[in-house]
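Student:
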Amino acid sequence: MSGFLLQTVFNASYAASYMALIAVGLVLIFGVMGVINFAHGELYMAGAYTVVFLYAGFGWPFLVAIAAGLVFVGCLGILMELTLFQPLRTNPLGGLIASIGFLLMMQSLAVLGFGLRNQHIPPVSQGGITLGDAFLTYERLFVIVAAIGLLGSLWIFLRRSKFGWALRACAQDREAATLQGISINQTARYAMFIGAGLAGVAGALTAPLVPPSPYMGHTVIVTAFIIIIVGGIGSLEGAVVAAILYAFVHTFVTTFYDGVIANIVGLLLMLAVLVVKPQGLFGVRERA
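Pasting the structure below:
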């Protein structure tokens, strides 16, 4: 494999890692709560600004700032559930509109607190791994390793823990889960904490590589929706596979052509999957 091709694979693996974290969080929230959270991109932004505030501003250790970003954004997700989604539980459209309002509020707060300029964070490490002519920085390698660890831990949590079973039960059949004594409100808060936390930690991990800005969530949320549609709405495994597929396609097309063509190809990929399999790669067709 040539160095140029291997470098593109490194770049695609990095992109797939943080995209998977964001998409899985969005799928988890939708699967358990049935809410399309348009403010998910702003949760990613909040995680990035947490690192700006703690690591760049106050000199906290980078790993501690990342952990703080996960917890802070997870708690922000619980706040959204309590104040926005729970009162509108029977009105999905109302929840969607409320998330758009929250999105605008988060953007305004980011502008007030940090200004319109991109925030450049001091690099965490200058080194990296060299394979031939390809170079993978330690920062990007850390994003890949952290994403694998977090997604693997989530997989174990969902299949081995009592709370994980409750989340899966609510995602499969909310009414049956209620009849089994599972609290929908409590489960929704768990889903929001985990889903929001994954978006926040993705933003925190990539903050040294992608300069945070108040409107950085726009591109992220569009990409996340494409990924979950390709993977199958409600499928966590589909979100991971689709994130890898989309990231590799987008990165290779960007490298060999340009970013605009890559965005078009990404949309064409989604349309092609919908034509062949309307429910997505891992989605399940609903029974009539």
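Residue numbers for the sequence shown follow the working numbering, so the first one is 1 and each next one is one higher. Backbone N, C-alpha and C fix where the C-beta goes; we use that ideal spot for every residue, glycine too. If you're wondering where the values come from, they're calculated on a predicted model, not measured in any experiment.
1) Roughly how many angstroms separate the alpha carbons of Met270 and Phe135, rounded to a whole number?
2) Does the distance between the C-beta of Val9 and the nearest non-hydrogen atom of the ligand GTP fall short of 7 Å?
3) May I have the straight-line CA-CA distance separating Arg287 from Leu76, to the nearest angstrom?
4) Are the CB atoms of Gly200 and Tyr44 within a distance shorter than 8 Å?
5) When the distance is taken between beta carbons, is Gly101 closer than 8 Å to Phe85?
6) How should Gly115 be labelled, buried or exposed, when 16 other C-beta atoms within 10 angstroms of its C-beta is the threshold for buried?
7) Could you tell me which residues DSSP puts in a beta bridge with Thr8?
8) Does the beta-carbon of Pro212 have 16 or more other beta-carbons within 10 angstroms, so that it is buried, or is it exposed?
9) In the structure shown, what three-state DSSP assignment does Gly69 receive?
10) Phe282 by DSSP, collapsed to three states: which one?
11) Please list, in chain order, all residues of the same chain as Ile144 whose beta carbon is under 7 Å from its beta carbon, the five residues on each side excluded.
12) State buried or exposed for Val240, treating a residue as buried only when at least 16 other CB atoms are found within 10 Å of its CB.
13) Which class does Leu136 belong to by DSSP, given the choice of helix, strand or coil?
14) So what's Leu209 in DSSP terms, helix, strand or just coil?
Tutor: Working from what's here:
1) By 1-based counting over the sequence shown, the position of residue 270 is 270. By 1-based counting over the sequence shown, the position of residue 135 is 135. The alpha-carbon atoms of Met270 and Phe135 are separated by roughly 31 Å.
2) Absence of the ligand GTP is noted for the structure shown, with no ligands found whatsoever.
3) Locating residue 287 in the sequence shown gives position 287, where the first residue counts as 1. Locating residue 76 in the sequence shown gives position 76, where the first residue counts as 1. With a pLDDT of 44 at Arg287, under the threshold of 50, the modelled position of this residue cannot be trusted, and the question is left open.
4) Position 44 of the sequence shown, counted from the start, is the residue given in the question as residue 44. Position 200 of the sequence shown, counted from the start, is the residue given in the question as residue 200. Taking 8 Å as the Cβ cut-off, Tyr44 and Gly200 qualify as a contacting pair.
5) In the sequence shown, counting from the first residue as 1, residue 85 sits at position 85. In the sequence shown, counting from the first residue as 1, residue 101 sits at position 101. Gly101 sits away from Phe85, with the two beta carbons spaced by 8 Å or more.
6) Along the sequence shown, read from residue 1 onward, the residue named residue 115 stands at position 115. Counting Cβ neighbours within 10 Å, Gly115 comes out exposed, since fewer than 16 surround it.
7) Within the sequence shown, numbered from 1, the residue matching residue 8 stands at position 8. Partner(s): none; Thr8 has no beta bridge.
8) The count along the sequence shown starts at 1 and reaches residue 212 at position 212. Pro212 should be labelled buried.
9) If you number the sequence shown from 1, residue 69 lands on position 69. Gly69 falls in the helix class under three-state DSSP.
10) As a first step, residue 282 must be located in the sequence shown, where it is residue number 282. Phe282: coil per DSSP, three-state reduction.
11) The residue given as residue 144 occupies position 144 in the sequence shown. For Ile144, where only same-chain residues beyond five positions count, the Cβ hits under 7 Å are Ser13, Tyr14 and Ser17.
12) Position 240 of the sequence shown, counted from the first residue, corresponds to residue 240. Per the 10 Å Cβ criterion, buried.
13) On the sequence shown, position 136 is the one that residue 136 refers to. If DSSP states are grouped into helix, strand and coil, Leu136 belongs with the strands.
14) Position 209 of the sequence shown, counted from the start, is the residue given in the question as residue 209. Looking at Leu209 - three-state DSSP - the assignment turns out to be coil, as it is neither helix nor strand.
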